[in-house]
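Below you'll find the structure, written out as structure tokens, and then a few comments.
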Amino acid sequence: MKVALKSLDNSSCISTEFLNEIKSHLQIYVWDVVQCYGITQDPGTKNYMMVLLYCTYGNLRNYFLNEESDYYSKIKNLKRIASGLLDIHNAGKVHKDFHSGNILYYSVNIPYISDLGMCQPANNEEQSAKKEGVYGVLPYMAPEVLRGYQYTKASDIYSFGIIMNEFISEETPYNNIPHNPALAINICKGLRPNIFKYTPKFLADLIIKCWDAKAENRPTAKVLYQELEKLSEEDYDDSDIKSNESQIDEYDDKIKLNRTSEKKTNNIQTHPQAIYTSRLINFKNLPEPVNSGNLISLFC
Numbered sequence: 501m502k503v504a505l506k507s508l509d510n511s512s513c514i515s516t517e518f519l520n521e522i523k524s525h526l527q528i529y530v531w532d533v534v535q536c537y538g539i540t541q542d543p544g545t546k547n548y549m550m551v552l553l554y555c556t557y558g559n560l561r562n563y564f565l566n567e568e569s570d571y572y573s574k575i576k577n578l579k580r581i582a583s584g585l586l587d588i589h590n591a592g593k594v595h596k597d598f599h600s601g602n603i604l605y606y607s608v609n610i611p612y613i614s615d616l617g618m619c620q621p622a623n624n625e626e627q628s629a630k631k632e633g634v635y636g637v638l639p640y641m642a643p644e645v646l647r648g649y650q651y652t653k654a655s656d657i658y659s660f661g662i663i664m665n666e667f668i669s670e671e672t673p674y675n676n677i678p679h680n681p682a683l684a685i686n687i688c689k690g691l692r693p694n695i696f697k698y699t700p701k702f703l704a705d706l707i708i709k710c711w712d713a714k715a716e717n718r719p720t721a722k723v724l725y726q727e728l729e730k731l732s733e734e735d736y737d738d739s740d741i742k743s744n745e746s747q748i749d750e751y752d753d754k755i756k757l758n759r760t761s762e763k764k765t766n767n768i769q770t771h772p773q774a775i776y777t778s779r780l781i782n783f784k785n786l787p788e789p790v791n792s793g794n795l796i797s798l799f800c
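Taking the working numbering, the leading residue of the sequence shown gets 501, the next gets one more, and so forth.
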């Protein structure tokens, strides 16, 4: 069996809090979450390493760049990811670092959630700094988390909405602008990633519900899974969904054209200050989160 070793930077003096977090996740087994078999230590650097299931196909971002998935394939993938998130929440856990880099593929159409609860510094010194901010990847962080509130199940749902839109649109969120305080302010003011113009309306509506500025208005993981389960069936009785078959066909046609357009064939330049790895976020005086008054502007 192949395994992957994930080095925990600056962990030679590992904090008790971080070690306890690892231990707590070793005590639960969720079939659609990347299995952590234990931890080991690099004899040279003294940094600790997590021993994980090896996922051959890389992360979600690599996957949609290399696999030309249609609507139903994507929905089935998203349903499995939602199932994993539901299992995590049912186990009383919150992911805390939910983004496309932490969705890994063991094989084609078999995604796993990774790095459960690992969004925090490993050593004591950085644990102290953590009190001054929150760790995460800015584009995927719920507005209330950006303002310094703790991660919750509802903040995981916001992140899932960003992941869902990224997979459906095949566009990395906010890749052409700096990930700085101005972006955080705009997210709190209602900015959200663009939704692909031909995304079926019933799916776009679900994405927007996940993005609600009020955490209590977002769907639960259970509701998400149930909605995606309905949308994953090619033969169904729901007349409202069945009437949207033309939207699904149009989506498949347009996303194929989008892949082969000049925009896709050239290398898309990511802004040098667009950062897709977890880091300490500590932006002061962010405004109270609100929803955008014009959600139609999200479609492009």
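Ideal Cβ placement from N, Cα and C applies to all residues, glycine included.
Since we're looking at a predicted model, the values are computed, not measured.
- For N559, the pairing in a beta bridge is given by DSSP as L604.
- Its Cα nearest to that of H589, the residue A721 stands out among Q747, F660, N758 and A721.
- Taking the Cα of Q773 as reference, the smallest distance to any Cα among H679, S507 and S655 is reached at H679.
- Where K574 is concerned, the enclosing alpha helix (DSSP H) starts and stops at Y571 to N590.
- Residue I613 holds the alpha-carbon nearest to the alpha-carbon of H595 among Q726, I613, R580 and E666.
- For the segment 644-726, the full-length alpha helix (DSSP H) segments reaching 4 residues or more read 653-669, 681-688 and 701-710 along the chain.
- By the neighbour-count criterion, in which 16 or more other beta carbons inside 10 Å mark a residue as buried, D570 falls on the exposed side.
- Looking only at L786, T777, K784 and G558, the smallest Cα-Cα distance to V637 is reached by T777.
- A direct Cα-to-Cα measurement between P787 and A654 gives close to 19 Å.
- Around L586, the same chain offers A721, K722 and Y725 as residues with beta carbons nearer than 7 Å, after the five sequence neighbours per side are excluded.
- The beta carbon of F564 is closer than 7 Å to those of F667 and E670 in its chain, skipping five residues each way along the sequence.
- DSSP places Q541 inside the beta strand (DSSP E), whose first and last residues are C536 to Q541.
- Of the other Cβ atoms in all chains shown, 16 or more fall within 10 Å of the Cβ of L646; this residue is therefore buried.
- Residue state for P611 is assigned as strand, using DSSP reduced to three classes.
- K506 is bridged by DSSP to M550.
- Annotation for L780: the continuous beta strand (DSSP E) segment containing it runs R779 to I781.
- Assignment of Y776 by DSSP, reduced to helix, strand and coil, places it in the coil class.
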